[in-house]
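**Q** Mapped onto this note's numbering, the consecutive letters of the sequence shown carry residue numbers 3 to 208.
Glycine included, C-beta positions come from ideal geometry on N, C-alpha and C.
After the structure tokens below, expect a handful of questions from me.
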Amino acid sequence: MIKVLIVDDNPFITDGLSLILKNETDFSVIAAVNQAKTAIKICQQQEIDVVLLDIRMPEVDGVAATREITSSSAAKVLILTTFDDDQEIHQVLENGASGYLLKNVPAKQIVAAIRNVATGNFVAQQDIWQKIKPQLGQSATTDLTMLTHREQTILAAIAAGLTNRQIAKQLFISEGTVNNNISSILHKLELKHRTQLAIYYLTGQR
């Protein structure tokens, strides 16, 4: 069961998302709150798998909330917002967000994104990916030269939110080969898991 916390200052959004997610048998909506500071406390006191978080909130914004939630709990943060400001995107990713979606995406894409984030994948819709990709940090660009061409391709696919199965299908290789390549990438870049790989590729931040 994926335990979800919904955070948005618009009650129509929280109510709507609650209804959508409660129809999914593998989801449990723990709470729907309108302030980020309340969400931080809940994450510190309860076991939450995914926090669905708006980026512009009263008192404590989404960037600060993401930093506090990811540093003080095991919960993963998935940003769901109407704003696609470049600086805000980079700030939340640098502070540990596991995904970034705009509210204009279909409900089924939000549901799929929550499942992906819960299993350790990074998620960004195509519009956001296109905004981030040209702005890769210089440190990341430099370090990527130590990777083989295939490893670089797999790393880009991870950052785009593809699963190992999807990567294998796209590259016409086995999932085992994908796993081996990911292990090699993690070792070379001195990182621990695929979410760190995605964030590092997108922002240049370890």
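Assuming the contact rule is C-beta atoms closer than 8 Å, residue 68 and residue 79 should be a hit. Round their C-beta distance to whole Å, please.
**A** Taking the sequence shown and counting its residues from 1, the one referred to as residue 68 is at position 66. Taking the sequence shown and counting its residues from 1, the one referred to as residue 79 is at position 77. Contact flag correct, Cβ pair sits at about 5 Å.
**Q** Report the rounded CA-to-CA distance for residue 190 versus residue 154, giving the unit in angstroms.
**A** Within the sequence shown, numbered from 1, the residue matching residue 190 stands at position 188. Within the sequence shown, numbered from 1, the residue matching residue 154 stands at position 152. Roughly 12 Å separates the two Cα atoms.
**Q** Taking 8 Å as the threshold (C-beta atoms), are residue 65 and residue 94 in contact?
**A** Numbered from its first residue, the sequence shown carries residue 94 at position 92. Numbered from its first residue, the sequence shown carries residue 65 at position 63. Cβ distance < 8 Å, so residue 94 and residue 65 count as in contact.
**Q** Using a Cβ distance threshold of 8 Å, determine whether the segment 39–53 contacts the segment 13–26, with at least three qualifying pairs required.
**A** With a cut-off of 8 Å, the segment 13–26 and the segment 39–53 do not count as touching, because too few Cβ pairs lie within range.
**Q** Classify residue 62 as helix, strand or coil using the three-state DSSP reduction.
**A** Here residue 62 refers to the residue found at position 60 of the sequence shown. Of the three classes helix, strand and coil, the one that applies to residue 62 here is coil, per DSSP.
**Q** Mind listing, in chain order, the continuous alpha helix (DSSP H) runs of no fewer than 4 residues lying wholly within the segment 78–117?
**A** Runs found: 88–96.
**Q** Using a C-beta cutoff of 8 Å, does residue 54 count as contacting chain B?
**A** This model lacks chain B altogether, as it is built from one protein chain only.
**Q** Which residues bound the beta strand (DSSP E) around residue 7?
**A** The residue you call residue 7 lines up with position 5 of the sequence shown. Note, residue 7: beta strand (DSSP E), 4–9.
**Q** Do you know how far the Cα of residue 39 is from the Cα of residue 1?
**A** Outside the shown range of the chain (3 to 208) lies residue 1, about which nothing can therefore be said.
**Q** Assuming residue 101 and residue 124 are in contact, meaning their beta carbons sit under 8 Å apart, how far apart are those beta carbons, in whole angstroms?
**A** Numbered from its first residue, the sequence shown carries residue 101 at position 99. Numbered from its first residue, the sequence shown carries residue 124 at position 122. Their Cβ separation, rounded to whole angstroms, is 6 Å, which keeps residue 101 and residue 124 in contact under 8 Å.
**Q** Using the C-alpha atoms, what's the distance from residue 57 back to residue 41?
**A** For the purposes of this step, residue 41 is identified with residue 39 of the sequence shown, where counting begins at 1. For the purposes of this step, residue 57 is identified with residue 55 of the sequence shown, where counting begins at 1. If you take the alpha carbons of residue 41 and residue 57, they lie about 13 Å apart.
**Q** Which of helix, strand or coil does DSSP assign to residue 213?
**A** Residue coverage of the chain in this structure runs from 3 to 208, which leaves residue 213 outside it and unanswerable.
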